[in-house]
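A.B. asks:
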Amino acid sequence: MLEFFRHHRGAFLKTLTILLGLSMFYYGVSQTAGTNEKQAQITDLAVTVFGKDYSMGDVQRAQTSLQIAQYYMQAYELPSMLMTLSADGNFGGGGLNTLINLFVARQLMEQLGVRPSDAEARAALEKLPSMQNNGKFDITRAQRLEEIANSQGFESADLLNIMKDTLGLQKLQELVSKNYVASPLAAEKQYASSHHTIKSARIAFESETFKQAAKVTDDEIKKYYEENKESYQSIEKRAVSYVLFENPKDLDKKPLEERQKAQNQQMERVNAFNKLTTTDKKTFAEAAQQTKEKVETVPAFAQSEPPAALKTESNLIEMIFARSKDAKAAPEALEGTSGWYVFDVTKIDAPKQQELAEVKDKIKDTLLSQKAAEARSKAVNDARTALNAGLKAGKKIDDLVKELKLTLTALPDIDVANPPQDVPNAFLIGQTAAKTAPGSISNAVDYDKGTLLIYVSAKELRKRPDGADLRKSQAESLSQQERTSLFQAWFKKKHAEAGVVSKLGVS
Numbered sequence: 002m003l004e005f006f007r008h009h010r011g012a013f014l015k016t017l018t019i020l021l022g023l024s025m026f027y028y029g030v031s032q033t034a035g036t037n038e039k040q041a042q043i044t045d046l047a048v049t050v051f052g053k054d055y056s057m058g059d060v061q062r063a064q065t066s067l068q069i070a071q072y073y074m075q076a077y078e079l080p081s082m083l084m085t086l087s088a089d090g091n092f093g094g095g096g097l098n099t100l101i102n103l104f105v106a107r108q109l110m111e112q113l114g115v116r117p118s119d120a121e122a123r124a125a126l127e128k129l130p131s132m133q134n135n136g137k138f139d140i141t142r143a144q145r146l147e148e149i150a151n152s153q154g155f156e157s158a159d160l161l162n163i164m165k166d167t168l169g170l171q172k173l174q175e176l177v178s179k180n181y182v183a184s185p186l187a188a189e190k191q192y193a194s195s196h197h198t199i200k201s202a203r204i205a206f207e208s209e210t211f212k213q214a215a216k217v218t219d220d221e222i223k224k225y226y227e228e229n230k231e232s233y234q235s236i237e238k239r240a241v242s243y244v245l246f247e248n249p250k251d252l253d254k255k256p257l258e259e260r261q262k263a264q265n266q267q268m269e270r271v272n273a274f275n276k277l278t279t280t281d282k283k284t285f286a287e288a289a290q291q292t293k294e295k296v297e298t299v300p301a302f303a304q305s306e307p308p309a310a311l312k313t314e315s316n317l318i319e320m321i322f323a324r325s326k327d328a329k330a331a332p333e334a335l336e337g338t339s340g341w342y343v344f345d346v347t348k349i350d351a352p353k354q355q356e357l358a359e360v361k362d363k364i365k366d367t368l369l370s371q372k373a374a375e376a377r378s379k380a381v382n383d384a385r386t387a388l389n390a391g392l393k394a395g396k397k398i399d400d401l402v403k404e405l406k407l408t409l410t411a412l413p414d415i416d417v418a419n420p421p422q423d424v425p426n427a428f429l430i431g432q433t434a435a436k437t438a439p440g441s442i443s444n445a446v447d448y449d450k451g452t453l454l455i456y457v458s459a460k461e462l463r464k465r466p467d468g469a470d471l472r473k474s475q476a477e478s479l480s481q482q483e484r485t486s487l488f489q490a491w492f493k494k495k496h497a498e499a500g501v502v503s504k505l506g507v508s
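Using my numbering, you'd call the opening residue of the sequence shown number 2 and step up by one each time.
1) According to DSSP, is Q64 part of a helix, a strand, or is it coil?
2) What number of angstroms, rounded off, separates the C-alpha of Q42 from the C-alpha of W491?
3) Would you list the one or two residues that DSSP bridges to F246?
4) Buried or exposed for Y181, going by 16 or more other Cβ atoms inside 10 Å?
5) Pull up the CB-CB distance for N248 and E333, whole angstroms please, since I reckon it's below 8 Å.
6) Assign A384 to buried or exposed, taking buried as 16 or more other Cβ atoms, counted over all protein chains shown, within 10 Å of its Cβ.
7) Mapping DSSP to helix, strand and coil, what is E259?
8) Report the rounded CA-to-CA distance for K494 versus R62, giving the unit in angstroms.
9) Using only alpha-carbon positions, find the residue among V299, S339, G340 that is nearest to I321.
10) DSSP three-state call for G169: helix, strand or coil?
11) Would you decide whether D166 is buried or exposed? Buried here means 16 or more other CB atoms lie within 10 Å of its CB.
12) In or out: K254 buried (at least 16 other Cβ within 10 Å) or exposed?
13) When burial is assigned at 16 or more other CB atoms within 10 Å of the CB, is R116 buried or exposed?
14) For Q475, is the classification buried or exposed, using 16 other Cβ atoms within 10 angstroms of its Cβ as the cut-off for buried?
15) State the beta-bridge partners of S201 as determined by DSSP.
16) Sorted by chain position, which residues of the same chain lie with C-beta nearer than 6 Å to K372's C-beta, five sequence neighbours on each side aside?
17) Just verifying my parser: in three-state terms, what is the DSSP assignment at Y448?
18) Where does N151 land, buried or exposed, given buried means 16+ other C-beta within 10 angstroms?
19) Is it buried or exposed, P352, if we count other Cβ atoms within 10 angstroms and call 16 or more buried?
20) Could you tell me whether the Cβ atoms of L67 and S503 are closer together than 8 Å?
21) Exposed or buried, what is K465 when buried is set at 16 or more other beta-carbons lying within 10 Å of its beta-carbon?
22) Let's see if you can read the secondary structure: which residues bound the alpha helix (DSSP H) around E227?
23) Taking the DSSP output, what are the residues bridged to A411?
24) Taking the alpha-carbon of Y73 as reference, which of K200, Q153, W341, S232 has the nearest alpha-carbon?
25) Would you say the stretch 352 to 369 touches the stretch 284 to 293, given that touching needs at least three Cβ pairs under 8 Å?
26) For T49, which residues in the same chain have their Cβ closer than 6 Å to its Cβ, ignoring the five residues on either side in sequence?
27) Have a look at T452 and V271 and give me their C-alpha separation to the nearest angstrom.
28) Starting from the C-beta of K179, find all residues in its chain whose C-beta is less than 8 Å away, skip the five residues before and the five after it, and write them out in chain order.
29) Is R116 near the ligand NAD, with its Cβ less than 7 Å from a heavy atom?
30) Expressed to the nearest angstrom, what Euclidean distance is found between the alpha-carbon atoms of G35 and V105?
31) Cα separation between S235 and S305?
32) Start and end of the alpha helix (DSSP H) containing K212?
33) Give a yes or no on whether the C-beta atoms belonging to D119 and L161 are separated by under 8 Å.
34) With a threshold of 8 Å on Cβ separation, who are the neighbours of G340 within its own chain once the five nearest residues in sequence on each side are excluded?
35) Tell me whether N102 is buried or exposed, calling it buried when 16 or more other Cβ atoms sit within 10 Å of its Cβ.
36) With 16 as the cutoff for other CB atoms within 10 Å, does G440 come out buried or exposed?
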């Protein structure tokens, strides 16, 4: 047990509740038979695994344990592993599947004699990041965790059991796949694909070039307008009057008493104005006149283009345009970056259908972009086909680009794992070039200015001072990936053998 927690137990977080995502597990679950509803009870059968029955209470308790593990202990490994062990292969699935996986895992631990001790569980719990402070176990955090667990009906032993489930899953995986080691050839291939250096050149197809060459007729513009006219509406604009109760200036330079006095005076003005508009049902204009506050007026503006005086007040702008057009609610004070605001929408310019003349240039630009994109796509596909055919026939790349009137621009050497920062789009180029055989043309690479084709002239696996360490790390990573896959496949088979029967619609 965690006696060192228990001795310091207090009243902390007694009212804390956990929002559980699986509402089906609670007493409110209903089973409908005709028109009669039966409320599920804590003792009702929920799931059977390897012939062992689990009640609704067992399922609820398991769910709570995973909630505590994830949200309060930050022991993410247990819920994460259970979620990725879905029997249907739908990794990442959660809910009841995750809890059934927990029941299956516990049964497998029992069958195979996997029984982590209290001491192991306690040591693992103390090492959790959530239990550490400056690299050392923090008793205060441990006390807080136990208080949270107590509020959910869990004891110290239950926290240890969460860690035993975690350690048990780890040990199950070790039993199944610990001895697996990735083949040196596979590891070397993965290292080479990740760390080779690519010599390449690019052929750019810039959108602007094709746009300048595109032509759009008036008839095309008119046709597009008629087909899409409903989407061409003017932008709604709103005019407002407002009062700003500005924050006192230089508060940090004033004595505490003077600072508090200035803040109190500001809030007294805000409250006086707010009372008139909300309690006394005065209009904005009447309240402003009675309080003698300065009213600012702003002509109609679009939400995306606020006036200079309100540019930093995003919340205020949002509220101005959120107010219903026919709202009669009294203006209320709203805090902004410069102080408190009370506003009144004085005019609304509703969106209106725009005429062709108003949007002709916009439509023309849209059509030019569409035509340019189509022409660019065709040019890229034609060029790639012709270049690869020519290279396959033994022609040189320089002769081919000259023949096709293309421009081939040499690129700096690119290390796939660490693409150069000073080469635009180096990451995209490296990723695509890595999948392209030397002496051939890559698939199209779209970027901000258009599309690229990459000619890969060579791939070199160069010596590097950290090469041995990188190879070792790559081999270990590949081995771990394969061990995980082996364990998942083994668990899936055992899950099938478990003969899971669920009364809650999942098996």
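Glycine included, every Cβ here is placed at the ideal spot set by N, Cα and C.
Keep in mind it's a predicted model, so treat the numbers as computed, not measured.
C.D. replies: For this structure:
1) By one-based count along the sequence shown, residue 64 stands at place 63. If DSSP states are grouped into helix, strand and coil, Q64 belongs with the helices.
2) The residue you call residue 42 lines up with position 41 of the sequence shown. The residue you call residue 491 lines up with position 490 of the sequence shown. C-alpha separation (whole angstroms): 35 Å.
3) Here residue 246 refers to the residue found at position 245 of the sequence shown. W341.
4) Counted from its first residue, the sequence shown places residue 181 at position 180. With fewer than 16 Cβ atoms within 10 Å of its Cβ, Y181 is classed as exposed.
5) Position 247 of the sequence shown, counted from the first residue, corresponds to residue 248. Position 332 of the sequence shown, counted from the first residue, corresponds to residue 333. Not confirmed; about 18 Å, so no contact.
6) Taking the first residue of the sequence shown as position 1, residue 384 is located at position 383. Buried, by the Cβ-count rule.
7) One-based indexing of the sequence shown puts residue 259 at position 258. In the structure shown, E259 sits in a helix (DSSP, three-state: H, G or I).
8) Stepping through the sequence shown from its first residue, residue 494 is reached at position 493. Stepping through the sequence shown from its first residue, residue 62 is reached at position 61. The straight-line gap from Cα to Cα measures roughly 26 Å.
9) Here residue 321 refers to the residue found at position 320 when the sequence shown is read from its first residue. Checked all of V299, S339, G340; the closest Cα to I321 is V299.
10) What you label residue 169 is simply residue 168 of the sequence shown in a count that begins at 1. Helix at G169.
11) In the sequence shown, residue 166 corresponds to position 165, counting from 1. D166 comes out buried.
12) As a working mapping, residue 254 is identified with position 253 in the sequence shown. When all chains shown are included, K254 counts as exposed.
13) On the sequence shown, position 115 is the one that residue 116 refers to. R116 is exposed by the Cβ-count criterion.
14) As a working mapping, residue 475 is identified with position 474 in the sequence shown. It is buried - the Cβ of Q475 has at least 16 other Cβ atoms within 10 Å.
15) Taking the first residue of the sequence shown as 1, we reach residue 201 at position 200. Partner(s): V457.
16) Taking the first residue of the sequence shown as 1, we reach residue 372 at position 371. Hits under 6 Å: A215.
17) In the sequence shown, the residue the question calls residue 448 occupies position 447. In the structure shown, Y448 sits in a strand (DSSP, three-state: E or B).
18) Residue 151 sits at position 150 when you count from the first residue of the sequence shown. Looking at its Cβ environment, which holds 16 or more other Cβ atoms inside 10 Å, N151 is buried.
19) Along the sequence shown, read from residue 1 onward, the residue named residue 352 stands at position 351. Label assigned to P352: exposed.
20) Numbered from its first residue, the sequence shown carries residue 67 at position 66. Numbered from its first residue, the sequence shown carries residue 503 at position 502. Cβ atoms of L67 and S503: not closer than 8 Å.
21) Position 464 of the sequence shown, counting from 1, holds the residue named residue 465. It is worth fixing the name first, because residue 465 is Arg in this sequence and not Lys. By the neighbour-count rule (16 or more Cβ atoms within 10 Å), R465 is not buried but exposed.
22) Within the sequence shown, numbered from 1, the residue matching residue 227 stands at position 226. Segment 219 to 229, the alpha helix (DSSP H) holding E227.
23) As a working note, residue 411 is residue 410 in the sequence shown. In DSSP, A411 forms a bridge with A202.
24) Position 72 of the sequence shown holds residue 73. Y73 has its Cα closest to that of Q153, out of K200, Q153, W341, S232.
25) no
26) What you label residue 49 is simply residue 48 of the sequence shown in a count that begins at 1. So the list reads V502, once near-sequence residues are dropped.
27) Numbered from its first residue, the sequence shown carries residue 452 at position 451. Numbered from its first residue, the sequence shown carries residue 271 at position 270. For T452 and V271, the distance between alpha carbons rounds to 57 Å.
28) Taking the first residue of the sequence shown as 1, we reach residue 179 at position 178. Contacts found: R484.
29) Among the components of this structure there are no ligands whatsoever, and the ligand NAD is therefore not found.
30) Translated into positions along the sequence shown, residue 35 becomes position 34. Translated into positions along the sequence shown, residue 105 becomes position 104. Any reading at G35 is ruled out, since the residue's pLDDT is 44, under 50, leaving its predicted position unreliable.
31) Counting from 1 along the sequence shown, the entry for residue 235 is found at position 234. Counting from 1 along the sequence shown, the entry for residue 305 is found at position 304. About 13 Å.
32) Locating residue 212 in the sequence shown gives position 211, counting from the first residue. Here the alpha helix (DSSP H) through K212 covers 208 to 214.
33) Working through the sequence shown from its first residue, we reach residue 119 at position 118. Working through the sequence shown from its first residue, we reach residue 161 at position 160. Taking 8 Å as the Cβ cut-off, D119 and L161 qualify as a contacting pair.
34) Position 339 of the sequence shown holds residue 340. So the list reads L245, F246, E247, N248, Q267, once near-sequence residues are dropped.
35) On the sequence shown, residue 102 is found 101 positions in, with the first residue counted as 1. N102 comes out buried.
36) For the purposes of this step, residue 440 is taken as the residue at position 439 of the sequence shown. That one is exposed.
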